[in-house]
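> Heads up: the sequence shown runs through residues 5 to 378, numbered per the working numbering.
This structure is in structure tokens; I'll ask about it shortly.
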Amino acid sequence: MRISYSALDTYKNCPLKYKYQVIDKIKTPKSKEAVFGSVLHSTMKFIHTPCILSPTLEQAMEFFSNSWNPAVFNSPEEERAAFVQGVKIIQDYYKRNNPTDFNIVNLESRFQIEIGEENNKHIVSGIIDRIDRTEDGFEIIDYKTAKKMPTQERVETDMQLSVYLQAFLSQYPEERNNLDKIKVSLYFLKHGMKLSASRTAEQLKENEQAFLDTIKLIEEKKFEPNISPLCDWCGYQNICPMWKHKFKETRKIDTEEINSMIGEYIDLKSAVSITKDRLAELQENIIAYMEQESVERVFGANGIIAKSLRVTYKYDEEKIQTILEPLNKWQAVLKFDKIALKNIFEILPTQAKKEIEKAKIIDKKTSGLIVKKS
Numbered sequence: 005m006r007i008s009y010s011a012l013d014t015y016k017n018c019p020l021k022y023k024y025q026v027i028d029k030i031k032t033p034k035s036k037e038a039v040f041g042s043v044l045h046s047t048m049k050f051i052h053t054p055c056i057l058s059p060t061l062e063q064a065m066e067f068f069s070n071s072w073n074p075a076v077f078n079s080p081e082e083e084r085a086a087f088v089q090g091v092k093i094i095q096d097y098y099k100r101n102n103p104t105d106f107n108i109v110n111l112e113s114r115f116q117i118e119i120g121e122e123n124n125k126h127i128v129s130g131i132i133d134r135i136d137r138t139e140d141g142f143e144i145i146d147y148k149t150a151k152k153m154p155t156q157e158r159v160e161t162d163m164q165l166s167v168y169l170q171a172f173l174s175q176y177p178e179e180r181n182n183l184d185k186i187k188v189s190l191y192f193l194k195h196g197m198k199l200s201a202s203r204t205a206e207q208l209k210e211n212e213q214a215f216l217d218t219i220k221l222i223e224e225k226k227f228e229p230n231i232s233p234l235c236d237w238c239g240y241q242n243i244c245p246m247w248k249h250k251f252k253e254t255r256k257i258d259t260e261e262i263n264s265m266i267g268e269y270i271d272l273k274s275a276v277s278i279t280k281d282r283l284a285e286l287q288e289n290i291i292a293y294m295e296q297e298s299v300e301r302v303f304g305a306n307g308i309i310a311k312s313l314r315v316t317y318k319y320d321e322e323k324i325q326t327i328l329e330p331l332n333k334w335q336a337v338l339k340f341d342k343i344a345l346k347n348i349f350e351i352l353p354t355q356a357k358k359e360i361e362k363a364k365i366i367d368k369k370t371s372g373l374i375v376k377k378s
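Now the structure itself:
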């Protein structure tokens, strides 16, 4: 498989968005957040492009202004606020950084690397924002324009930085012996802060396996939607089963009838004295409607109802015995018991945990509804 890191990151955030964007190739307008980030990335490249005289703050501001696209914003007020924020980010960057202090090796460096076993190789591509030569090694830097800054722990385990480091090592293989002298960093432009970490050979190996595990999910065509704060910026809401009911104008079941049912269901669910028979009837009708319309959530005047699927698993007892007996743990769960297995699960070797997960089989699926009041 050929995959870019950004596509894999999309899958990690929402598998269904990956399907719409990469497989179905459904185009959406570029969001104002993406445009804002692109202009700042271009400005950072302009600031650090090696030349005899580095750009002054005024020249960087002029470049930013000339690259600006006001058309993507919803109002003149929103556009002005975003522009002012961009100006402040550049000014603060110059206060904290002198472009002449850095020894730039490469900017927006494109890469392609192979990962996986010899008989099942995958090609991963991407762009590294910046590579610096430091006093005793190198630093790989990725700019971020996100509003929130993560913890140091996130940087220690960030898959993107690990992939970028692997790409760097494919270009400079002799540096594999100097991993302790290579920093990987996320520079958060809005906060004016850089969080850095390093990687061991073992961490890189674990990262590659995590990457391969994600690719396997893609190959198995597992494209479930994932609700998160990122949904607010997603261009696929009108076709997503978690959101499309919000945009629907015509339905096979009468609109007023189902909206009335949705409202009544939410009110009954909240009532002190619930008419259980009516609630069950409403739930059955609403679930039937959701399946008819292929939606996972419906929107009423007084709240949102989401369909939940409860999956009960059981384990293949013979397989579990085969896994646990060599570890002298089978006696701890005799007679086989899910609670006993759960109690010893965390102390088992990683490989044993993976094999136990594979031994799970679906026992029963039950649909229900989750209510979120407006």
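Using N, Cα and C, we set each Cβ at its ideal position, and we do this for glycine too.
(1) Just confirm the distance between the C-beta atoms of Ile270 and Ile309, as a whole number of angstroms; I'd bet it's less than 8 Å.
(2) Hey, could you find the ends of the alpha helix (DSSP H) Tyr191 is sitting in?
(3) With a threshold of 7 Å, establish whether the CB of Glu139 neighbours any heavy atom of the ligand SAH.
(4) What's the call for Arg143, buried or exposed, on a 16-neighbour Cβ count within 10 Å?
(5) Check whether the Cβ atoms of Leu234 and Arg203 sit closer than 8 Å, and answer yes or no.
(6) By how many angstroms is the C-alpha of Glu157 removed from the C-alpha of Arg180?
(7) Going along the chain, which residues of its own chain have a beta-carbon closer than 7 Å to the beta-carbon of Glu37, five neighbours each way excluded?
(8) Under the DSSP definition of a beta bridge, which residues are partnered with Thr370?
(9) At which residues does the alpha helix (DSSP H) containing Glu295 begin and terminate?
(10) Quick one: Cα of Tyr9 to Cα of Gln164, how far?
(11) DSSP has Met197 in a bridge; who is on the other side?
(12) Nearest by alpha-carbon distance to Lys358: which of Met294, Leu313, Val302 and Asp217 is it?
(13) For Ser298, which of Lys376, His52 and Cys244 has the nearest alpha-carbon?
(14) Let me confirm a value: Ala284 is counted as buried when at least 16 other C-beta atoms fall within 10 Å, else exposed. Which label applies?
(15) Among the candidates Phe87, Ile360 and Ser232, whose CA atom is the shortest distance from the CA of Tyr319?
(16) Which value, in whole angstroms, describes the spacing of the CA atoms of Ser79 and Ala86?
(17) Residue range of the beta strand (DSSP E) that Asn107 falls in?
(18) Tell me whether Lys323 sits in a helix, a strand or coil according to DSSP, three-state version.
(19) Can you name the start and end residues of the beta strand (DSSP E) that Lys225 belongs to?
(20) Which of the three DSSP states, helix, strand or coil, is assigned to Glu2?
(21) State the Cα-Cα distance for the pair Gln241 and Thr14, rounded to the nearest angstrom.
(22) If you count every other CB in all the chains shown that lies within 10 Å of the CB of Phe251, and 16 or more means buried, which is it?
(23) What's the gap between the Cα of Asn347 and the Cα of Lys333?
(24) In angstroms, rounded to a whole number, what distance separates the CA positions of Glu83 and Gly41?
(25) Is the beta carbon of Ile131 sitting closer than 8 Å to the one on Ser113?
(26) Under the DSSP definition of a beta bridge, which residues are partnered with His126?
(27) What residue range is occupied by the uninterrupted beta strand (DSSP E) comprising Arg158?
(28) I'd like to know whether the C-beta of Phe142 is nearer than 8 Å to at least one C-beta of chain D.
(29) By how many angstroms is the C-alpha of Lys198 removed from the C-alpha of Ala205?
(30) Going along the chain, which residues of its own chain have a beta-carbon closer than 6 Å to the beta-carbon of Val76, five neighbours each way excluded?
(31) Between the segment 111-126 and the segment 213-230, are three or more C-beta pairs nearer than 8 Å?
(32) Once DSSP output is grouped into helix, strand and coil, what is the label at Glu66?
(33) Do Phe192 and Ile135 have their beta-carbon atoms positioned less than 8 Å apart in this structure?
(34) Can you list, in chain order, the residues of its chain with a C-beta nearer than 6 Å to that of Ile51? Leave out the 5 residues immediately preceding and following it.
(35) If I follow the unbroken beta strand (DSSP E) through Phe303, where does it start and stop?
(36) In terms of alpha-carbon separation, which member of Glu224, Glu139 and Glu81 lies closest to Val109?
According to the data block:
(1) 7 Å
(2) Unbroken run through Tyr191 is the beta strand (DSSP E), Ile186 to Phe192; no alpha helix (DSSP H).
(3) The model on display carries no ligand, and the ligand SAH is accordingly not part of it.
(4) The question names Arg, but residue 143 is Glu in the sequence shown. Glu143 should be labelled buried.
(5) no
(6) 23 Å
(7) Trp237
(8) Arg314
(9) Lys280 to Glu297
(10) 7 Å
(11) Phe192
(12) Asp217
(13) Cys244
(14) exposed
(15) Ile360
(16) 11 Å
(17) Asn107 to Ile119
(18) helix
(19) Neither: Lys225 is in no beta strand (DSSP E) and is coded neither H nor E.
(20) Outside the displayed span of the chain (5 to 378) sits residue 2, for which this structure offers no information.
(21) 15 Å
(22) exposed
(23) 11 Å
(24) 14 Å
(25) yes
(26) Ile119
(27) That residue, Arg158, is in no beta strand (DSSP E); its alpha helix (DSSP H) goes Gln156 to Thr161.
(28) This model lacks chain D altogether, as it is built from one protein chain only.
(29) 23 Å
(30) Lys36 and Val39
(31) yes
(32) helix
(33) no
(34) Pro59, Ala64 and Pro103
(35) Arg301 to Gly304
(36) Glu139
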